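The structure appears right after this line, and notes come after that.
2 protein chains.
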Amino acid sequence: MVTIKDVAREAKMSVATVSRVLNASGPVSDETQRLIREVAGRMRYVPHSGARSLITSRTETLGVLLPDLYGEFFSEVIRGMDDTAQKNGFHLLISRAYADRHGIETAIRAMRGRVDGVVVMSPDLDAKSLLDLPSTIPVVLLCSVPRGNEIDSLTIQNCRGAKEMVTHLTSLGHKRIAIIKGSARNYDAAERLRGYRMALREAGITPDPSLEREGDFTEAAGYTAALKLLAVKNRPTAIFAANDSMAIGALSALRQSGMAVPEEMAVAGFDDIPLARYMDPPLSSVHVPICELGARAVGLLLHGITHKNDHARRRE
Amino acid sequence: MVTIKDVAREAKMSVATVSRVLNASGPVSDETQRLIREVAGRMRYVPHSGARSLITSRTETLGVLLPDLYGEFFSEVIRGMDDTAQKNGFHLLISRAYADRHGIETAIRAMRGRVDGVVVMSPDLDAKSLLDLPSTIPVVLLCSVPRGNEIDSLTIQNCRGAKEMVTHLTSLGHKRIAIIKGSARNYDAAERLRGYRMALREAGITPDPSLEREGDFTEAAGYTAALKLLAVKNRPTAIFAANDSMAIGALSALRQSGMAVPEEMAVAGFDDIPLARYMDPPLSSVHVPICELGARAVGLLLHGITHKNDHARRRE
DNA sequence: GCCCTCTGTGTAAACGATTACATATTTGGG
DNA sequence: CCCAAATATGTAATCGTTTACACAGAGGGC
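As you go down the protein sequences, you meet chains A and B in turn.
Counting from 1, one number per residue, gives the positions in the first sequence under our numbering.
Counting from 317, one number per residue, gives the positions in the second sequence under our numbering.
Okay, here's the thing in structure tokens:
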């Protein structure tokens, strides 16, 4: 592997000058500059990032800690993150971890020294004590239970989105609206449930426990829950699924049971995945700007990094 | 940040001994071992990976170069990769890049010195000269045009899968089977098309150009293509979409046109995404073990790394 | 009792970059 | 014409590890 010394030798210059040219630091004559650029290019020199980070104590890498995410979401959030990261000359070190506290701590430890900051997605409601994670480096919580004002955090407007969708349903005249809930310990799920109940109450409807069914964000769960809802006496006229996968599962169950959608039963989802509009009938769904969310998380993180973690925390 | 020196000082030992304990290299007395472990733990010491990689010239990190991928695929492939990587103590540095040659080369350059090897997904048919990528480090091509026997490569069994599906359709009696093709310059798409034609020929059917419609793997493309197919004189009785998204778009178009599926028109897809079976009727689709594919790619890469890139190349 | 082999530990030289400081040369103001 | 400031370059310390080598003491075979 060719090092800066090799380049210096070949160009008959000192390593300091080579370094100055390559980092555009300090004054160098135009001629030397050209020469060194040419030599470095020809020799295909690439600085050793380890050596660099050793002396500068910056890695130009961001850690991303993901839970066991499936489907669309994952891709989109990473796309957004990578875009912003690349624009700022940063790389992305991605790792999946158990959503519990131990898993996250282990993962963060493993990233120590490799990254300048971490975006943590820890949707698990129980992972309470994330607070005392070894936060010498900036951390941004994404779609996780916000922790006071000590850590930057960014969440989907779950409650608001759910509330608006359910209010839309009530405004259409629905009185009995069921919900297929997301995973029990999931933060997003809990917030969507909250929005659902809030909307009902504001419409003067008392939430009915028999219309709140368990789910885990999979098509299968949506399917099962929908079948059960059909068996409920005093059947609902609308189903709000906490995500699109479950909504699609529910649609499938309704179809098989010969229910007319939306005449006999309306169905709404959350996430607005691309194929929602290719369902029959098109699934109305709460839009989530996933990609943008990733981008903003990285933006927030970079802000924390440039301010050496000594900045006003945000919570959005 | 606490360094190995701090630990050594605190434990009243030399840095060499501390290093030996932490790397389980060389002989150390049990007592010293315990002591150092305790001190290191208490001080929350984490080795500086840069310094380590400087001297060992290993980063314990794998690069992953992804094209502009959407949806399920992305998530799954990364899941598989990360699993295998973590099991072997490796991290994943992920980057999206333009699929063309320049984009890939730039991205690989940027990763130089940060990774011990790279998995490259470059589905673009035109990115021919990937051969001369700066391959001092091991490279595995995933779902890309294989390059002779000079680079390890791993692909989906596109041709075989497509062929089997189309053969299944002919065996059901279909004579006029249309295909909605994937992106024009995409390797997977080209292979699926090849399999489709192969199956037709083996069934004694001459591929009809008017039944081969352009597509780009999106629902919208499937929708449009299906509408056009309905307008073809001597209409097909089956549609094979090169992926599930397009199949779903096509289903939507057929439904809106009042076609009975599968009675009047059969539809098949490729990828077997989870919700395929929740379509109406359930979409039959060629299964692709995406997660496993990622795992195998990383396995192959790790093999190349341990053999210092001096191993028999594989092409699967 | 001597030498050889182990075991346990320490010393110091790498690894490849950045950068403070030193030095040499040029420029320019008075 | 001289001195200060600016420009261009080099020297060497430094970052945090690993590891070859050195060394001391213990144990054992003869």
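Positions of the beta carbon are idealized from the N, C-alpha and C atoms, including for glycine.
Note that the structure is a prediction, hence the values are computed from the model and not measured.
*Any idea which residues DSSP pairs R147/A with across the strands?*
Here residue 147/A refers to the residue found at position 147 when the first sequence is read from its first residue. For R147/A, which the question treats as bridged, DSSP gives no partner whatsoever.
*Quick one: what's R529/B bridged to in DSSP?*
Within the second sequence, numbered from 1, the residue matching residue 529/B stands at position 213. Looking at the DSSP assignment, R529/B forms a beta bridge with I496/B.
*asked:* Any contact between the segment 288 to 296 of chain A and the segment 249 to 269 of chain A? By contact I mean 3 or more CB pairs, one from each, below 8 angstroms.
replied: no
*asked:* Starting from R96/A, trace the beta strand (DSSP E) in both directions and tell me its first and last residue.
replied: Position 96 of the first sequence, counted from the start, is the residue given in the question as residue 96/A. R96/A -> beta strand (DSSP E) spans 91 to 96.
_Members of the segment 381 to 400 of chain B that neighbour chain A once the beta carbon cut-off is set at 9 angstroms_ = L382, D384, L385, Y386, G387, E388, F389, F390, S391, E392, I394, R395, D398, D399
*For G113/A, which of T59/A, I273/A, T3/A has the nearest alpha-carbon?*
Residue 113/A sits at position 113 when you count from the first residue of the first sequence. That would be T59/A, whose Cα lies nearest to the Cα of G113/A.
_Beta-carbon within less than 6 angstroms of E388/B's beta-carbon, same chain only, minus the 5 sequence neighbours each way: which residues are those?_
Indexing the second sequence from 1 puts residue 388/B at position 72. Result list for E388/B: I589, in chain order.
*Roughly how many whole angstroms lie between the Cα atoms of E219/A and A547/B?*
Locating residue 219/A in the first sequence gives position 219, where the first residue counts as 1. Locating residue 547/B in the second sequence gives position 231, where the first residue counts as 1. Roughly 34 angstroms between the two C-alpha positions.
*the segment 587 to 604 of chain B: which residues have C-beta closer than 9 angstroms to a C-beta of chain A, in chain order?*
I589, P590, L591, R593, Y594, M595, D596, P598
*Compare the beta carbon distance of I156/A and F240/A with 9 angstroms and say whether it is the shorter of the two.*
Position 156 of the first sequence, counting from 1, holds the residue named residue 156/A. Position 240 of the first sequence, counting from 1, holds the residue named residue 240/A. Contact: no.
*For A340/B, which three-state DSSP category applies?*
Taking the first residue of the second sequence as position 1, residue 340/B is located at position 24. Residue state, collapsed to three classes: coil.
*Whose CA, out of R463/B, G531/B, L408/B, lies closest to the CA of N559/B?*
As a first step, residue 559/B must be located in the second sequence, where it is residue number 243. Comparing Cα positions, the closest option is G531/B.
*Whole angstroms is fine: what's the gap from A110/A's alpha carbon to G294/A's?*
As a first step, residue 110/A is located in the first sequence; it is residue number 110 there, counting from the start. As a first step, residue 294/A is located in the first sequence; it is residue number 294 there, counting from the start. About 22 angstroms.
_Where D152/A sits in the DSSP three-state scheme_ = Locating residue 152/A in the first sequence gives position 152, counting from the first residue. It is a strand residue.
*Cβ neighbour criterion (16 or more within 10 Å) applied to I394/B*: Counting from one through the second sequence, the residue named residue 394/B turns up at place 78. With 16 or more other Cβ atoms within 10 Å, it is buried.
*Which residues share a DSSP beta bridge with V380/B?*
Start at 1 with the first residue of the second sequence, and residue 380/B comes out as number 64. Note: V380/B sits in a beta bridge opposite I410/B, V435/B.
*asked:* Quick check: A367/B and V337/B, are their CB atoms within less than 9 angstroms of each other?
replied: Translated into the one-based positions of the second sequence, residue 367/B becomes position 51. Translated into the one-based positions of the second sequence, residue 337/B becomes position 21. Going by C-beta atoms, A367/B is not nearer than 9 angstroms to V337/B.
_Contact with chain B by M13/A, beta-carbon distance below 9 angstroms_ = As a working note, residue 13/A is residue 13 in the first sequence. With 9 angstroms as the cut-off, M13/A does not count as an interface residue toward chain B.
*Quick one: what's got a C-beta closer than 8 angstroms to R307/B's C-beta in the same chain, skipping five residues either side?*
For chain B, the structure presents residues 317 to 632; residue 307/B sits outside this window and is missing.
*L142/A touches chain B at which residues, Cβ-Cβ below 9 angstroms?*
Against the first sequence, residue 142/A aligns to sequence position 142. Residues of chain B passing the Cβ test: none, with the nearest at roughly 16 angstroms.
*Under a three-way DSSP split, which group does I239/A fall into?*
Position 239 of the first sequence, counted from the start, is the residue given in the question as residue 239/A. Reduced to three states, the DSSP call for I239/A is strand.
*Which residues, taken in chain order from the segment 412 to 441 of chain B, show a beta carbon closer than 8 angstroms to some beta carbon of chain A?*
R412, R425, A426, M427, R428, G429, R430
_L200/A versus R147/A - alpha carbon distance_ = Working through the first sequence from its first residue, we reach residue 200/A at position 200. Working through the first sequence from its first residue, we reach residue 147/A at position 147. Each residue's Cα considered, the two are about 28 angstroms apart.
_E263/A at chain B interface by Cβ criterion, 9 angstroms_ = The residue labelled residue 263/A in the question sits at position 263 within the first sequence. No, its Cβ sits nowhere closer than 9 angstroms to a Cβ of chain B.
*In the DSSP assignment, find the unbroken alpha helix (DSSP H) run with L293/A in it and report its ends.*
Position 293 of the first sequence holds residue 293/A. 290 to 306 is the span of the alpha helix (DSSP H), which, as asked, contains L293/A.
_DSSP state of A569/B mapped onto helix, strand, coil_ = To locate residue 569/B, count along the second sequence from 1; it is residue 253. In the structure shown, A569/B sits in a helix (DSSP, three-state: H, G or I).
*For the beta strand (DSSP E) containing V583/B, list its first residue and its last residue.*
Locating residue 583/B in the second sequence gives position 267, where the first residue counts as 1. That run of the beta strand (DSSP E) goes 582 to 587.
_Bridge partners for V7/A per DSSP, in chain order?_
Translated into positions along the first sequence, residue 7/A becomes position 7. BP columns for V7/A are empty, so no partner.
_Positions along the segment 505 to 539 of chain B whose CB lies within less than 9 angstroms of some CB in chain A_ = T534, E535, A536, G538, Y539
_DSSP three-state assignment for V39/A, whether helix, strand or coil_ = The residue given as residue 39/A occupies position 39 in the first sequence. In the structure shown, V39/A sits in a helix (DSSP, three-state: H, G or I).
_Straight-line gap, Y187/A to R314/A (C-alpha atoms, nearest Å)_ = Mapped onto the first sequence, residue 187/A falls at position 187. Mapped onto the first sequence, residue 314/A falls at position 314. Taking the straight line joining both Cα atoms gives about 19 angstroms.
*Residues in its own chain within less than 7 angstroms of A505/B by CB, not counting five upstream and five downstream?*
Start at 1 with the first residue of the second sequence, and residue 505/B comes out as number 189. The residues are K497, G498, S499, A558.
*Name the residues in the segment 37 to 54 of chain A whose C-beta lies less than 8 angstroms from a C-beta of chain B; which are they?*
R44, V46, P47, H48, S49, G50, A51, R52, S53, L54
*asked:* Between L93/A and G63/A, how many whole angstroms is the CB-CB distance? I'm expecting something under 8 angstroms.
replied: Sequence index remark: in the first sequence, residue 93/A carries index 93 (1-based). Sequence index remark: in the first sequence, residue 63/A carries index 63 (1-based). 5 angstroms between Cβ atoms; contact.
*Nearest neighbour of E316/A, chosen from V145/A, L154/A, S144/A [CA to CA]*: On the first sequence, position 316 is the one that residue 316/A refers to. Nearest option by C-alpha distance: L154/A.
*What distance in whole Å lies between the Cβ atoms of I467/B and V482/B, which are believed to be in contact at a cut-off of 8 angstroms?*
Within the second sequence, numbered from 1, the residue matching residue 482/B stands at position 166. Within the second sequence, numbered from 1, the residue matching residue 467/B stands at position 151. Not a contact, Cβ separation roughly 30 angstroms.
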